[in-house]
Every structure is written in structure tokens, then in C-alpha cells.
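Protein chains: 2
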Amino acid sequence: MNVLVVDIGGSHVKMLASGHTESRQFDSGKDLTPRAMVDRVREMTADWRYDVVSLGYPGKVGPNGPEEEPGNLAHGWVGFDFGKAFGKPVRVVNDAAMQAIGGYTGGRMLFLGLGTGLGSALVAERVVVPLELGNLPYKTGELLSDRLGKRGLEKYGKAEWVRMVGEVTGVLRVAMMADYVVLGGGNAAEVDPLPEGVRRGGNADAFTGGFRLWEDDVEPHDRPPSTAWRVVP
Amino acid sequence: MNVLVVDIGGSHVKMLASGHTESRQFDSGKDLTPRAMVDRVREMTADWRYDVVSLGYPGKVGPNGPEEEPGNLAHGWVGFDFGKAFGKPVRVVNDAAMQAIGGYTGGRMLFLGLGTGLGSALVAERVVVPLELGNLPYKTGELLSDRLGKRGLEKYGKAEWVRMVGEVTGVLRVAMMADYVVLGGGNAAEVDPLPEGVRRGGNADAFTGGFRLWEDDVEPHDRPPSTAWRVVP
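Chains B and X, in that order, give the protein sequences. The numbering of the first sequence is my numbering, which starts it at 1 and goes up by one. The numbering of the second sequence is my numbering, which starts it at 1 and goes up by one.
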């Protein structure tokens, strides 16, 4: 079965299908409606063959798709019928969850997304638990998302920020009983050297995660297989 | 199908079977081996009819049973064949996880056990994720388990301890994206008034959790049903 993975971000929409190695992308932004996204994706992948679609969505996702409108795209995503628009079975998951699934290599993994804020998700076997650990206080009382997010990097400088990342990942790894931590997000590359038990996610993790969402699937695709990856609500 | 639930603690072992309302118990302690536990349970429940057994174990449990020896009982629990000893199918889960399952009423629930330390588990649908949130620092830098555990209650006094419980449950509820918090453990009764979004678990939660472990089960009991409760490793 061939899968088309679409990773929807605030700056770009990226696509990759089974059997291909070069992803394609277009710019996104405040004007992008779900209809425009689907039309553009279908147009740009017209020469790719796929049976099903995985969508990484930049916002909260429930059993029936997006549950909140995206912060950096147009509105209309909640309640949109992606399956009808693509004419194929579609699975939608949160974009950080999709990336976490792609970076998973067994055991219990804590995913931390170092971007504007601090994304987080816990993965154990094929269960994904989205979290909001950025709302925990750092020992000084500030939020972790303020310390480890983009503003923290600017405010404290790289050396101190890297030290804090090491300290916080160590604490969270124990508290969440994680065997290892995977760092994603735009600022993961800044964490050098990497703390013990921490590694950087790969650029292709979101695509790998999208492919994995359909692993072991059997037709008629109307419900997930018993071994499916599951993002708990 | 009738279930015998056995809740193994450091002070008592408690039993209840389907169709009965009065639990039975005996004292446990440093001398209790798994063999002695099974013999005593079988003897004290000889007039009860049950097909399968749920064991709540005070320690880490993996797919093959206990993974660490209990702190307050004799040794020999890791690798012990409970199914053979009972002559029935047995499911073993961590005792806090069993209590959390019993107190669950839907949505995403954070269970906090207020005892010697701070137990914790997240429950979403039928997935249970044991955690060690007691290892997170309080804003002063001390561990949450020191602040909210037995020593914190003694050191800071009830009023300040209750205030801290309210503060910490509020923060953890947001960070763990929990719809509500359930307090278990011996000191849960001390939390009065209860903070918003927080409730106390019931005394029978461990038994309810044990019964739920076999819900929807079908013979031959050799693997969990697809809808089974699942404690992730």
C-alpha cells in the first residue's frame, strides 16, 4: 500500500509518498485554507501513486480530525472532510505526534520540540501521549516554554540555553520514565553537545511517522488495525 | 466470568471477588513470600468462586509480571509463576495503576498517590502510563515527592501542605493535559477542601480496577482482548 504523507506547517507544506525519496513543498501562510491545501497537494503530486493519506496538522487533533483552528493558517480546518477532498482514506494526527512517531526506536521515548515554545509527547510502544510540559515551571518559577523556547535562547544566550536544555531533559526523562529523549523543532540543531540520553530527531521523521500510521493496515481502512499507532486523546 | 482481585500492600493483602461486597484481608510484611501470599489467599477465599485473578503489585511490573522485588515484603516475586500457583489465568499490574484504572471515569485523568512519596499515572481511554512525577522539582528546587509526600505534610503542616497540593495539582493537570485529577494514597483524605478539578479516589478503586482488567475478555484468556486496559511499559 502506498502512502502520501503531508506535513502541514505554518511556513511550508511538505509532501512525500511511498517509493519516493525527494520530498516536495510549497509555501503556506495565513491565507491557506484546507481546500487550497488539498488542491495544491493533489496538483503537485499528480504523478505519484498512493492509496491513503497521512496528514500532520499543526494543532490539536481528536478522533474526528482537527479540533482547533491553526494559529498560522486560514480558518476552516475544523470539520473539513479531508477524506472526501482527497478521495482516499486519510488519517490526521498532530504534527509533533507524527514527528515523534517517526523518531521512535522502541522503549519509552520523550519527544521535545524546541521551537517557538516547547512541544512534547510521550511514546511507549505504539501509544502516543501528547503533553504540554512547557507549562511546567522551571526551578526559578518561569515556564519551561519560556526558558527553552525561542525567547529563552535569545534572552539567555546559546551556552546557558544549552545548559538548561541538558538540565531539563535530565529531569523530565526521569519524571516521565523515558529511556531516551528525542529533540525536534527548529532549535534542536543548536543543542551541541547533546546531553546524555538525548538525541536529535532526523529531518525525515515526520514522513517516517506518516508512513508508520498505516503500517499493518488492512483494507477496507475503515478502522485502525489492532496493532496501529494510537494517539490518545 | 468471576474475577478475584488481590491488592498486595506492604501492610495488608486485601481480596474481593465478583459477586461479593465484603472484602477480606490479612496482614503482610517483610516475611511474606509470593508462595505464602497465594496459599493464604486461596485458603481465605476457598468459599468464593472465580475464574481468573487480578493482582495489584507494589512495584514495577512488566509484560511478564513483577520486574523488581517489593520494598516491604520478602523476596522471590520476580519470576514467580502466579498462574501456576493459582491454577487460573492471572494478570499482574502495579498497584497504583490498578487503583487509577478503578477511579477512571473517562477523558484524560491524572492519578496522584499521596503516601510516603508521590505516586503518579496518566490514564487516557484504556491506556495507563505509569509516571514518576515525584521527581520533578517544586519551584523551590526540592522534589515534589518531598513536598507532597509524608515528610512534607509533617514538615510544613497541614494548611501549607494542602495549599501546595492545590498549586501542584493545578500545574500538573495543565502540563499533563488532564481533564481531572484523582487523589489516592493514605493522605488523600487530608486534602480538604479539594482543589478545583480534583477529586478523591474511592476506597474500592483498587478492586474496581482489578475487575476492569478482565472486562470484555474472552476465553481462552491467553492474550488480552483488543479493547483491554493496557499499562504501557
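Note that CB positions come from ideal geometry on N, CA and C, so glycine has one too. Only a predicted model underlies this, so the values are computations on that prediction, with no experimental measurement involved.
Any C-beta of chain B under 8 Å from that of residue i
i, result
"GLY106 (chain X)", "no"
"GLY141 (chain X)", "yes"
"LEU4 (chain X)", "no"
"VAL171 (chain X)", "yes"
"GLU215 (chain X)", "no"
Secondary structure of residue i, DSSP reduced to three states
i, result
"ASP216 (chain B)", "coil"
"PHE80 (chain X)", "coil"
"ARG49 (chain B)", "coil"
"VAL38 (chain B)", "helix"
"ALA97 (chain X)", "helix"
"GLY102 (chain B)", "helix"
"GLY209 (chain X)", "helix"
"MET44 (chain B)", "helix"
"ALA17 (chain X)", "strand"
"VAL6 (chain B)", "strand"
"VAL174 (chain X)", "helix"
Of the listed residues the options, nearest to residue i (C-alpha basis)
i, options, result
"VAL90 (chain X)", "X:SER23, X:LYS158, X:LEU213 and X:ARG230", "X:LEU213"
"HIS12 (chain X)", "X:ASP95, X:LYS60, X:PHE82 and X:LYS84", "X:ASP95"
"PRO34 (chain B)", "B:GLU167, B:ARG49 and B:ASN72", "B:ASN72"
"ARG237 (chain X)", "X:VAL165, X:VAL174, X:GLY152 and X:ALA175", "The structure shown does not extend to residue 237 (chain X), since chain X is modelled only from 1 to 233, so the question has no answer here."
"THR116 (chain B)", "B:GLU132, B:GLU125 and B:LEU148", "B:LEU148"
"GLY210 (chain X)", "X:ALA17, X:GLY9 and X:GLY10", "X:ALA17"
"TYR180 (chain B)", "B:PRO58, B:TYR57, B:ALA121 and B:TRP77", "B:ALA121"
"LEU133 (chain X)", "X:ARG49, X:ARG126, X:ALA204 and X:LEU172", "X:LEU172"
"LEU118 (chain X)", "X:GLY62, X:TRP77, X:MET177 and X:LEU183", "X:LEU183"
"GLU125 (chain B)", "B:LYS139, B:GLY113, B:LEU114 and B:ARG108", "B:ARG108"
"GLY185 (chain B)", "B:ALA100, B:THR45, B:PHE80 and B:SER54", "B:ALA100"
"TRP48 (chain B)", "B:VAL5, B:SER28, B:LEU55 and B:GLY59", "B:VAL5"
"ALA36 (chain B)", "B:GLU190, B:GLU142 and B:PHE82", "B:PHE82"
"MET1 (chain X)", "X:LYS14, X:LYS84 and X:LYS88", "X:LYS88"
"PRO66 (chain B)", "B:PRO130, B:SER54, B:GLY79 and B:LEU32", "B:GLY79"
"GLY9 (chain X)", "X:PHE26, X:GLU22 and X:VAL3", "X:PHE26"
"THR208 (chain X)", "X:THR105, X:LEU110 and X:ALA189", "X:THR105"
"ALA175 (chain X)", "B:GLU160, B:LYS158, B:GLY56 and B:ASN135", "B:ASN135"
"VAL123 (chain X)", "X:ASP192, X:LYS14, X:MET177 and X:LEU32", "X:MET177"
"GLY141 (chain X)", "B:GLY197, B:GLU167, B:VAL129 and B:GLU154", "B:GLU167"
"SER54 (chain B)", "B:GLU68, B:ASP216, B:ALA206 and B:PRO233", "B:ALA206"
"TYR57 (chain B)", "B:GLY197, B:VAL92, B:LEU143 and B:VAL38", "B:VAL92"
"ARG163 (chain X)", "X:TRP229, X:PRO195, X:VAL129 and X:THR21", "X:PRO195"
"TRP77 (chain B)", "B:ALA204, B:ALA85 and B:GLU68", "B:GLU68"
"SER145 (chain X)", "X:ALA159, X:THR169 and X:VAL128", "X:THR169"
"GLU215 (chain X)", "X:ASP51, X:SER23, X:ASP7 and X:MET44", "X:ASP51"
"VAL231 (chain X)", "B:LYS158, B:GLY62 and B:VAL127", "B:VAL127"
Residue i at chain X interface by Cβ criterion, 8 Å
i, result
"ALA204 (chain B)", "no"
"PRO233 (chain B)", "yes"
"LEU122 (chain B)", "yes"
"GLU125 (chain B)", "yes"
Query raised in the report: Can you give, in chain order, each stretch of the alpha helix (DSSP H) that sits fully within the stretch 121-172 of chain B and has at least 4 residues?
Result: 144-148
**Report entry** chain X contacts from the stretch 174-185 of chain B (Cβ-Cβ distance under 9 Å)
**Finding:** VAL174, ALA175, MET176 and MET177
Requested in this report: Determine which residues of the stretch 130-161 of chain B have a Cβ less than 7 Å from any Cβ of chain X, and write them out in chain order.
Outcome: PRO130, LEU131, GLU132, LEU133, ASN135, LEU136, PRO137, LYS139 and GLY141
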